[in-house]
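**Student:**
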Amino acid sequence: MKICVCIKEVPDSDIPSNKLQIDNQSKKILPVENISNIVNGFDLNAVELALRFSENFEESSVSIISVGNNLTSDVIKKPLAMGADELITCEDPSIEKMDIKGIAKVLSKMILKTGPYDIIFCGRHASDFDNASVPFGISEFLSIPLVNIVKNIKKINKKIIIERIITDGFQKVESKMPLVVTTGNQVGDPRYPTLKGIMEASKKQIKKILLEELELEQNDIKPKVKIEEIYFPENENNVEIIEGNSNKEKAINLITKLKAEGVI
Amino acid sequence: MNILSVIINENDDLNESSLEIFSFIDQLGSTNKISSLVFGGEKSAISKLCSDEIFYASVENSEALNPNNVLKTMDKFLSDKKFDLIVFQKDDISNFVAPALSFRKDFAYLPDVKKFVSKNESEIKFVRPVHGESAEAIYSVDISSTIIIKIRKSSFEIKQLSKQNSIVNEIILEEQDENTFKILETEKVKSEGIQLDEAEIVISGGRGIGSKEGFDNLKELAELLNGALGASRAAVESEWIETSHLVGLTGKWISPNLYFTFGISGASQHLAGCINSKNIVAVNKDPDASIFNHSKFGVIADCNDFIKEVIEEIKNIQ
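Here the protein sequences line up with chains W and A, keeping their order. Note that the numbering used here gives residue 56 to position 56 of the first sequence, counting from 1, and the numbers run on in steps of one. Just add 1000 to the spot in the second sequence (first one is 1) and you have the numbering used here.
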């Protein structure tokens, strides 16, 4: 079973907004110094599900693909430390200016170049720009099925049987291979890298592919959608802190206020 | 502009929140031609949509509607019609079809639009949140090809239906081909009590609740106030409460009159789903918790102790 997982390096989504700054030159959100980037959370769920699935087969490999500019190798090597076999990157300043179509094209071409893969796992969306669309591009460009928000995946005979999450429930679906699978936190926590895993990952060479090698066409990378400006919305809200000498008093004061406002 | 609204009905009635699409379209000016494409629901329920023309595809079992069928139907539908803008709202089917269609047809795509900014001969500008809800961005989109927009839930008012009936043109729902997945089983797990997205009052708990038992107090308060029960991702991941109660980017998007939170710090993931609540009341022992920046009233207290006092006080006044 040949598996690939697409991952993205993003600012840590648990950073409170007062620890973030906006660089309107590059149109990016950056953490205030010394806070490390992370692998997008849902992408780590994808790595976890991919590793779990690959363990069912005697012969299998999990390749990690990441694209961007100035990637932090300590960050993007995390899936290797978790147990993935290899890391393939494509870094180029022009990638930062691409929209979802450009990124999906770059990833699709990398998948074709380094594959073929039986399954391509992706996180359901990235926490920085929340587009939730690049995996659909991979599916469309490679003309293979996509199953989104997958919790569980099994191979039964030649078919792939998948449990996918829908609002208020789940669905069991069947798909052929190759296919694209997207994951969310329903997969469960990604495994912690072991010390041995971290040591091995640090020794592994990253396979670097140049953007030129992918032979993209101008129409592929010309963005239709551009960010003009990023800003923090003004917080005009003034919270009223309910005071009181005890929790009981605070509760009485709060309920009185809520009643006066007609909220309860 | 020539605008198409796409509406997915999960049962016989008209999906009311889809009417937010028409308030969004109103922001774009009054001289647009509006068409609607509706999947599922009773045919009679849709003839009063505020549209110049209505297309309707009947769906047999809407709970098990395959998004690939909608995708294929729309691909065919668009083969002889041209729109400047196609507007979806957020639901399971649209979340799949909108981006997939944009790649298939080489259209521009922008999800989670919360505001229209401006338009000129070459581009149109919209605002959408980025990095969870911590920041916003103004995007410009090239108008030389069709643009697909997905509007952010609860960012626009529900527009009242028109008084006049429009003619409803039926189209056929295409069946997916073998290059897509096949649905074998669909199981809906309805959460107990009042449904989250319909409730006027939502009582919600997060990491600070600390245990499964802690949610018993929240349930009691929700029942007393005739409200629904919500939870943050931390609480759901700790398995204190079922996923169906999840409020946030990856869960329910709600806009109740009162959102009463206990032990929720206000991570951007969570705020995305509750920021449109009319009144947020936050109880947290950390005075710097970011939820307070979005709250009308705040209480700095241990949430498990405080909720007991609230329950007692509510019982006293009822």
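Using N, Cα and C, we set each Cβ at its ideal position, and we do this for glycine too.
Which two residues bound the contiguous beta strand (DSSP E) that contains Glu1123(A)?
**Tutor:** Glu1123 to Val1130
**Student:** For Pro79(W), which of helix, strand or coil comes out of DSSP?
**Tutor:** helix
**Student:** Helix, strand or coil for Cys90(W)? Go by DSSP, reduced to three states.
**Tutor:** Three-state result, Cys90(W): strand.
**Student:** Can you tell me whether Ser1044(A) is helix, strand or coil according to DSSP?
**Tutor:** helix
**Student:** Using the beta-carbon count (16 or more within 10 Å), is Met199(W) buried or exposed?
**Tutor:** exposed
**Student:** Rounding to the nearest angstrom, what Cα-Cα distance links Trp1240(A) and Phe1215(A) in this structure?
**Tutor:** So the two alpha carbons sit approximately 7 Å from each other.
**Student:** How is the alpha helix (DSSP H) around Ser139(W) delimited, first residue to last?
**Tutor:** Val134 to Leu142
**Student:** Hey, Glu33(W) and Asn69(W): beta-carbon distance below 8 Å or not?
**Tutor:** No, these two residues do not count as a Cβ contact at 8 Å.
**Student:** Taking Phe232(W) as the query, report the chain A residues whose CB atoms sit under 9 Å from its CB, ordered along the chain.
**Tutor:** Ser1134, Ala1135 and Glu1136
**Student:** Which residues of chain W have a Cβ atom closer than 9 Å to the Cβ of Gly1319(A), listed in chain order?
**Tutor:** Within the shown structure, residues of chain A are numbered from 1001 to 1318, placing residue 1319(A) beyond reach of any answer.
**Student:** On the premise that Ser1162(A) lies in contact with Gly1206(A), defined as a C-beta separation below 8 Å, what is that separation, rounded to the nearest angstrom?
**Tutor:** With a Cβ gap of about 42 Å, Gly1206(A) and Ser1162(A) do not count as contacting.
**Student:** Exposed or buried, what is Asp23(W) when buried is set at 16 or more other beta-carbons lying within 10 Å of its beta-carbon?
**Tutor:** exposed
**Student:** How big is the Cα-Cα spacing for Gln1164(A) and Glu1170(A)?
**Tutor:** 19 Å
**Student:** Quick check on the burial criterion: 16 or more other C-beta atoms within 10 angstroms. Buried or exposed for Asp1112(A)?
**Tutor:** Buried, since its Cβ has 16 or more Cβ neighbours within 10 Å.
**Student:** Have a look at Asp1305(A), Ile1275(A), Asp1302(A) and Leu1173(A) and flag the residue whose alpha-carbon is nearest the alpha-carbon of Asn1293(A).
**Tutor:** Checked all of Asp1305(A), Ile1275(A), Asp1302(A) and Leu1173(A); the closest Cα to Asn1293(A) is Ile1275(A).
**Student:** Along the chain, where does the alpha helix (DSSP H) containing Gln1027(A) start, and where does it finish?
**Tutor:** Glu1020 to Gln1027
**Student:** Among the candidates Phe170(W), Ile206(W) and Val67(W), whose CA atom is the shortest distance from the CA of Cys122(W)?
**Tutor:** Val67(W)
**Student:** What residue range is occupied by the uninterrupted alpha helix (DSSP H) comprising Glu1309(A)?
**Tutor:** Its alpha helix (DSSP H) spans residues Cys1303 to Ile1317.
**Student:** Hey, Ile65(W) and Met1(W) are a contact pair by Cβ (cut 8 Å); roughly how many whole angstroms apart?
**Tutor:** Rounded, the Cβ-Cβ distance is 16 Å, inconsistent with contact.
**Student:** Are Leu1229(A) and Ile1203(A) close, meaning C-beta to C-beta below 8 Å?
**Tutor:** Their beta carbons are under 8 Å apart, which means Leu1229(A) touches Ile1203(A) by this criterion.
**Student:** What is the rounded straight-line gap between the Cα of Ser1122(A) and the Cα of Ile1143(A)?
**Tutor:** Approximately 6 Å between the Cα atoms of the pair.
**Student:** Taking only beta carbons into account, state which residues of the region 128 to 140 of chain W come closer than 8 Å to chain A, listed in chain order.
**Tutor:** Asp128, Phe129, Asp130, Asn131, Ala132, Ser133, Phe136, Gly137, Ser139 and Glu140
**Student:** According to DSSP, is Gln1269(A) helix, strand or coil?
**Tutor:** The answer is helix: DSSP assigns Gln1269(A) an H, G or I state.
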